[in-house]
Amino acid sequence: MTLLSLQNMKTQIGQYHVLHDISFEVPQGGVFVLLGRNGAGKTTTLRSIMGLWQPQPGSVTFKGKDISTLATADIARLGIAYVPENMGIFGGLTVEENLVLATAKGRFDQTRLRRIYTLFPALEQFWTKQAWSLSGGQKQMLAVARAIIEPRDLILIDEPTKGLAPSIVAAMGEAFREIAQDTTILLVEQNFNFARSLGRDMAVIDDGRVVHRGTMADFAADTDLQGQLLGLSA
Amino acid sequence: MMNRVSETLGRLGGVNLLPLALAAVAFVLIGAPSSWVTLTVAGLSMGMMVFLMASGLSLVFGLMDVLNFGHSAFVSFGAFVAATVLAALSTWLDGGWMLASAALALALLAAIAFGLAAGLFFETVIIRPVYRDHLRQILITMGALIVSEQIILAVWGGTPVSVPRPSFLEGAWIIGDVSMEIYRLFAMGLGAVVFVGLMVLLNRTRIGLLIRAGVENREMVEALGFKINRLFIGVFMLGSALAALGGAMWAGYETLITPALGGEMMIVVFIVVIIGGLGSIEGTLLGAIIVGLTANYIGYLAPKLALASNMILMMAILMWRPSGLRPAVK
Ligand SMILES: Nc1ncnc2c1ncn2[C@@H]1O[C@H](COP(=O)(O)OP(=O)(O)OP(=O)(O)O)[C@@H](O)[C@H]1O
Ligand SMILES: [Mg+2]
């Protein structure tokens with residue numbers, strides 16, 4: 001079943017046409033990977049889905065409903081969480097406050113909280129610390145934890161491994177695998193090895209257009225295509 | 001060595017120690033302890049009233065990057081509304097403690113109610129169309145300020161209006177050779193109560209959590225499913241009501257008010273918000289107390305410098321800390 005569908009999405013930022021033709025369908029379940037070079041339009045795509053930029057009306061469908069003209073808060077309430085490239089955590093708030101803010105009722109569901117402690121033990125350890133004092137990896141964990149503290153249908157995650165040590169990247173990969181069992185993840189990644197290990201379906205964006213769609217298994221096997229689309233050497 | 005000193009100072013309270021340092025320096029310079037106490041009380045009470053006026057401006061800027069130059073209109077209106085209510089109830093003011101308190105409470109509540117309503121109107125009609133456009137914000141809020149001043153002029157006239165005070169707030173407490181005006185102590189107490197209330201709101205409630213988060217990162221608050229615009233209306237109304245309350249208290253302090261009152265206070269309010277650090281209530285309180293104390297100490301020690309002292313203070317602090325003493329985390 002298709003969870004999210006982008007049909008010829010165009011997005012303009014100010015007078016710049018950044019996205020020209022973004023079309024792909026994210027099926028329910030698992031990890032869908034969005035690849036592309038720097039400046040290709042990956043972040044803009046996620047922001048357009050989230051309503052933080054205004055996409056072409058009619059071009060974004062979520063669970064069968066057109067969400068292209070909804071306000072960001074309403075899109076979030078339909079069950080989409082966003083983990084931005086800069087993580088967007090609230091530095092002046094404690095780890096606990098960051099998470100409690102993301103709950104619907106201002107109270108924790110103990111089961112979900114325990115799951116977060118298991119996925120990211122550091123968060124339990126630094127529970128009452130202000131978030132600005134966390135390390136880069138811990139901030140990323142907090143940003144992801146905030147996205148799953150309530151049940152969601154779709155999580156948009158923008159380059160979560162950027163600048164992280166290999167051991168933390170591995171832990172993040174484990175967490176995503178676990179999360180993807182009941183929540184769909186739309187993952188933007190530059191780290192191809194990380195993306196390959198997680199993704200089932202994928203698309204490649206270049207210069208504001210989708211230039212390739214397919215399964216990760218096929219793409220991973222085709223080193224020529226990778227070189228051509230991502231500039232990766234074989 | 002320097003590091004050790006600054007670390008120790010940091011642990012003791014860092015920039016929060018500035019008012020104490022200021023008071024200590026003034027104590028030495030003034031020489032006469034009784035004058036020093038009087039001036040310190042005057043400075044603290046002025047600081048608390050300015051804090052009332054400034055806190056809303058700081059939160060509004062922190063939350064939405066909105067620069068509201070019309071903020072002082074709320075101060076003026078608060079002053080005139082309270083003065084009108086007090087004048088209308090002047091027989092109550094002489095009618096014993098209970099009746100006088102009731103008149104005062106009604107005057108302050110009227111100012112607050114007016115501030116809430118004016119804030120709602122101002123936010124939805126004047127500010128809403130110019131979110132995210134600083135130049136137009138400055139122009140339109142300045143314009144609104146001028147219109148408000150003209151309205152006050154039309155309703156209350158240009159001659160100074162005198163503000164009656166309840167008799168129990170008149171006079172001074174005299175302890176030894178130290179005298180402290182009762183009205184000033186009352187203003188200090190009221191400001192402190194409001195500060196504590198704001199801290200509880202910001203730090204102990206979900207709305208407060210949202211405000212603090214929104215000051216840091218509006219977009220992310222939206223992405224978590226909250227409508228920041230609704231939050232902003234609430235904060236704007238609260239800020240306007242506090243400004244009106246500050247104006248009402250200031251009216252009782254000055255006892256004679258003119259339509260220029262808001263404009264005169266605006267400069268002080270902006271200085272306070274800037275040196276305190278935009279978006280932070282603790283910073284605003286700190287800035288207000290420092291400005292209040294400085295104005296009173298300098299007014300006594302070097303009256304000719306009194307006008308320039310706040311500007312000099314602001315420049316000195318900004319050279320040392322460009323984003324203010326206690327800015328909100330951005
Ligand atoms: N706020 C903006 N104003 C103008 N142009 C922008 C803005 N944000 C992004 N762009 C432009 O849109 C294009 C796509 O940017 P985007 O951030 O979506 O790329 P990306 O694929 O996420 O890149 P990266 O891998 O470096 O994060 C770039 O050319 C960028 O310069
Ligand atoms: Mg990007």
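Here the protein sequences come in this chain order: G and X. Sequential numbering from 1 applies to the first sequence in the working numbering. Sequential numbering from 1 applies to the second sequence in the working numbering. Every residue gets a Cβ at the ideal spot worked out from N, C-alpha and C, and that includes glycine. Computed from a predicted structure; not experimentally measured.
Legend entry - Inter-stretch contact at 8 Å, needing at least 3 Cβ pairs: the stretch 49–58 of chain G / the stretch 108–126 of chain G: No: fewer than three Cβ pairs fall under 8 Å.
Legend entry - Amino acids of chain G, ordered along the chain, whose beta-carbon sits closer than 7 Å to that of Glu123(X): The CB of Glu123(X) never comes closer than 7 Å to any CB in chain G; the least such distance is about 18 Å.
Legend entry - is_contact[Met220(X), chain G] using C-beta, thresh 8 Å: For Met220(X), the answer is yes, since a Cβ of chain G falls inside 8 Å of its Cβ.
Inset, instruction - Under 8 Å between beta-carbons, which chain X residues line up against Met172(G)? List them in chain order, please. - result: For the C-beta of Met172(G), not a single chain X residue is nearer than 8 Å; the gap to the nearest is close to 20 Å.
Legend entry - Sub-8 Å separation of Met202(G) and Lys139(G) beta-carbons: It is not a contact, given that the beta carbons lie outside the stated cut-off.
Inset, instruction - Could you work out which residues of chain X lie near Tyr82(G), taking near to mean beta carbons separated by less than 7 Å? - result: Listed along chain X, the residues sitting closer than 7 Å to Tyr82(G) by beta-carbon distance are Ala223.
Inset, instruction - State the CB to CB distance for the pair Leu39(X) and Ile289(X), rounded to an integer number of angstroms; the pair is presumed to be in contact (CB under 8 Å). - result: The beta carbons of Leu39(X) and Ile289(X) sit about 13 Å from each other, so the pair does not count as a contact at 8 Å.
Inset, instruction - Please look up how many angstroms separate the CB atoms of Ser331(X) and Pro160(X), rounded, as I've assumed it's under 8 Å. - result: Outside the shown range of chain X (1 to 330) lies residue 331(X), about which nothing can therefore be said.
Inset, instruction - Quick one: which unbroken alpha helix (DSSP H) runs of 4-plus residues sit fully inside the stretch 249–315 of chain X? Chain order, please. - result: With a minimum length of 4 residues, the continuous alpha helix (DSSP H) runs that stay inside the stretch 249–315 of chain X are 261–276 and 281–301.
Inset, instruction - Measure the C-alpha to C-alpha separation of Ala187(X) and Ala24(X) and round it to an integer number of angstroms. - result: The C-alpha of Ala187(X) lies about 23 Å from the C-alpha of Ala24(X).
Inset, instruction - Could you tell me whether the stretch 258–272 of chain X touches the stretch 296–313 of chain X, using the rule of 3 or more Cβ pairs below 8 Å? - result: Touching, per the Cβ criterion.
Inset, instruction - Please classify Val66(X): does DSSP put it in a helix, a strand, or coil? - result: In this structure, Val66(X) counts as coil in the three-state DSSP scheme.
Inset, instruction - Using 7 Å as the cut-off, classify the Cβ of Thr43(G) as near or not near the heavy atoms of ligand 2, replying yes or no. - result: For ligand 2, a non-hydrogen atom lies closer than 7 Å to the CB of Thr43(G).
Inset, instruction - Report yes or no: is there a C-beta of chain G within less than 8 Å of the C-beta of Phe226(X)? - result: It does; some Cβ of chain G falls within 8 Å.
Legend entry - Cβ-Cβ distance between Ser6(X) and Gly119(X) below 8 Å: No, they are not a contact pair.
Legend entry - Own chain, CB closer than 6 Å to Val210(G), minus 5 neighbours either side, in chain order: So the list reads Ile22, Ser23, Phe24 and Ala203, once near-sequence residues are dropped.
Inset, instruction - In the DSSP assignment, find the unbroken beta strand (DSSP E) run with Ile80(G) in it and report its ends. - result: Ile80(G) -> beta strand (DSSP E) spans Ile80 to Val83.
Legend entry - Inter-stretch contact at 8 Å, needing at least 3 Cβ pairs: the stretch 197–217 of chain X / the stretch 120–132 of chain X: By the Cβ test, the stretch 197–217 of chain X is not in contact with the stretch 120–132 of chain X, since fewer than three Cβ pairs between them sit closer than 8 Å.
Inset, instruction - Kindly examine ligand 1 and report whether one of its heavy atoms sits closer than 7 Å to the Cβ of Glu219(X). - result: Ligand 1 has no heavy atom closer than 7 Å to the beta-carbon of Glu219(X).
Inset, instruction - Take Lys42(G) as the anchor and find which of Phe219(G), Gly208(G), Lys63(G) and Asp222(G) has the nearest alpha-carbon. - result: Taking each of Phe219(G), Gly208(G), Lys63(G) and Asp222(G) in turn and checking the Cα distance to Lys42(G), the smallest one comes out for Gly208(G).
Legend entry - Any non-hydrogen atom of ligand 1 within 7 Å of Ile13(G) CB: With a cut-off of 7 Å, the C-beta of Ile13(G) is classified as near ligand 1, since at least one heavy atom of the ligand falls inside that distance.
Inset, instruction - Please name the residue, chosen from Gly96(X), Val81(X) and Met266(X), that lies closest to Met249(X) on a Cα-to-Cα basis. - result: Among Gly96(X), Val81(X) and Met266(X), the Cα nearest to that of Met249(X) belongs to Val81(X).
Inset, instruction - Quick one: list the residues of chain G neighbouring Glu216(X), beta-carbon separation under 7 Å, in chain order. - result: Here the neighbours are Phe90, Gly91 and Gly92.
Inset, instruction - Measure the beta-carbon distance from Leu93(X) to Ala103(X) and round it to whole angstroms, keeping in mind my assumption that it falls under 8 Å. - result: Yes, they are in contact, since the Cβ atoms of Leu93(X) and Ala103(X) sit about 5 Å apart, within 8 Å.
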